[in-house]
Amino acid sequence: FYRLSVPLLAIPFIAFKLRKQIEEPSALEVMNSDPRPPVLYLRAFFQEVEPFTTVSDDEIGHYQDTWHNQFLPNNVTLEVYLSSAFSEHIGPFIALGNPEDFFPPEGAARLYSEDADWKEEFMKLGKESAAIVMELSSSENLEWELDTIFQNNWQQKLFIITKPEPKMRSFLYIFMNAFMSLAKGTPKLNWSKFRSQLRNSGFSLDIEKPKNGAIISFDLFGKGFLYGDNLKDPIDFIGPIKQSLKLKGN
């Protein structure tokens, strides 16, 4: 009876989550209702389910519905952690959608396009955006996006964010996060390789390895510099980015 009752009890919560995702507004709807330039989120698609940080039990309700993750509910992705703060203080938080999505993930509002059109859509969003944000990431499409950012002189819009220190540490979460990454075959992301990728796109980045909770910004010539570290809460990340954009005249 126990084995049967647990899955049955989960059905209402799964249905609630699916309904919430279905009702999420698209990027076009969000941009049409908000005149401010958007904040464009870049990532490899596998990172859409990878934790950006682990929040405390008291905080989890601030970032997502209670039933987001039945097994590791304190895990929060970058877009879930930061989307509300970006949308409130800078502009609507948007991203190009994975064409394989059955439902849009929580966080950034998605713009879905045909495979043949996504580069054109990226060009439009990159030009219109106030800021372009990403964490340590790697994919062929992302390499093209970084090349395009540099070639179009959008480098001052680009901000790289590193993961903050987890607010909740437990052996269970450390073990399960490592196990899930291994089971899914999640690529291991290496700062040295990521820095080489940026250099191949034309950026100059001499930072050996940033600390947790860091922001890296770029000047007009694509030279990267540290714009803050040891940041923890969402608003801690938004403040330096907003200040940098103001100084750059964006």
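The working numbering puts the first residue of the sequence shown at 5, with every later residue one more than the last. Don't be surprised by glycine CBs; every beta carbon is placed ideally from N, CA and C. Computed from a prediction, not measured in an experiment: that's the story for all the values here.
C-alpha distance - Lys-246 paired with Asp-119, whole-angstrom precision: 33 angstroms
In this structure, does DSSP put Val-280 in helix, strand or coil? The structure shown has nothing for residue 280, since the chain only spans 5 to 254.
What is the DSSP secondary structure of Lys-246, reduced to helix, strand or coil? helix
With DSSP as the reference, label Gln-25 as helix, strand or coil. Confidence in Gln-25 is poor, its pLDDT being 49 and thus under 50, which makes the residue's placement unreliable; the coordinate value appears in the next sentence. The answer is helix: DSSP assigns Gln-25 an H, G or I state.
Nearest-angstrom Cα separation, counted from Val-34 out to Arg-40: 10 angstroms
Could you pull the DSSP bridge partners for Gly-228 from this structure? According to DSSP, which records beta bridges pairwise, Gly-228 is partnered with Phe-222.
Residue from Glu-212, Glu-28, Gly-253 whose Cα sits closest to the Cα of Ala-112: Glu-28
Does the Cβ-Cβ distance between Leu-162 and Ala-31 come in under 8 angstroms? Going by beta carbons, Leu-162 and Ala-31 fall outside the 8 angstroms limit.
In chain order, each alpha helix (DSSP H) run of at least 4 residues that lies wholly inside the stretch 94-148: 122-132
Express the C-alpha separation of Glu-110 and Tyr-67 in angstroms, rounding to a whole number. 10 angstroms
How about Leu-235 and Ile-219: are their beta carbons less than 8 angstroms apart? yes
Please work out which residues of its chain come closer than 7 angstroms, Cβ to Cβ, to His-262, disregarding the five sequence neighbours upstream and downstream, and give them in chain order. Residue 262 is absent from the model: the chain starts at 5 and stops at 254.
CB-CB under 7 angstroms to Leu-249, same chain, minus the five flanking residues each way: which ones, in chain order? Ala-134, Ala-135
Taking 7 angstroms as the cut-off, does the CB of Val-34 come closer than this to any heavy atom belonging to the ligand MN? Here there are no bound small molecules, and the ligand MN is not part of this structure.
Run the CB neighbour count on Glu-144, radius 10 Å, all protein chains shown included, and call it buried at 16 or more, exposed below. exposed
Backbone secondary structure at Asn-36 - three-state DSSP: helix
Cβ neighbours of Gly-228 in the same chain (closer than 8 angstroms, five flanking residues each side left out): Ile-164, Leu-202, Phe-207, Ser-208, Leu-209, Asp-210, Ile-211, Ile-220, Ser-221, Phe-222
Per DSSP, the bridge partner or partners of Leu-255: Outside the displayed range of the chain (5 to 254) lies residue 255, so it cannot be described from this structure.
Please report the Cβ distance between Asn-254 and Gln-155, rounded to the nearest whole angstrom; I am assuming they are in contact, meaning their Cβ atoms lie under 8 angstroms. With a Cβ gap of about 18 angstroms, Asn-254 and Gln-155 do not count as contacting.
Keeping to the same chain, check which residues put their C-beta closer than 6 angstroms to that of Pro-244; ignore five residues upstream and five downstream. Ile-219, Tyr-231, Gly-232
Once DSSP output is grouped into helix, strand and coil, what is the label at Ser-9? Model confidence at Ser-9 stands at a pLDDT of 44, short of 50, so the residue's coordinates are unreliable; what they give is reported in the following sentence. Here Ser-9 sits in helix by DSSP.
Could you check whether Pro-96 and Gln-38 sit closer than 8 angstroms to each other, using their CB atoms as the reference points? With the sequence shown as reference, residue 38 is identified as Asp, and Gln is not the correct amino acid for it. Yes. Within cutoff.
Rounded to the nearest angstrom, what separates Phe-107 and Lys-197 at their Cα positions? 32 angstroms
Would the beta-carbon of Ser-200 fall within 8 angstroms of that of Leu-150? no
Which listed residue (Thr-152, Val-137, Asp-105) has its alpha carbon closest to that of Lys-125: According to the sequence displayed, residue 125 carries Glu and not Lys. Checking every option, the nearest Cα to that of Glu-125 belongs to Thr-152.
Pull up the DSSP beta-bridge partners for Thr-152, would you. According to DSSP, Thr-152 bridges with nothing at all.
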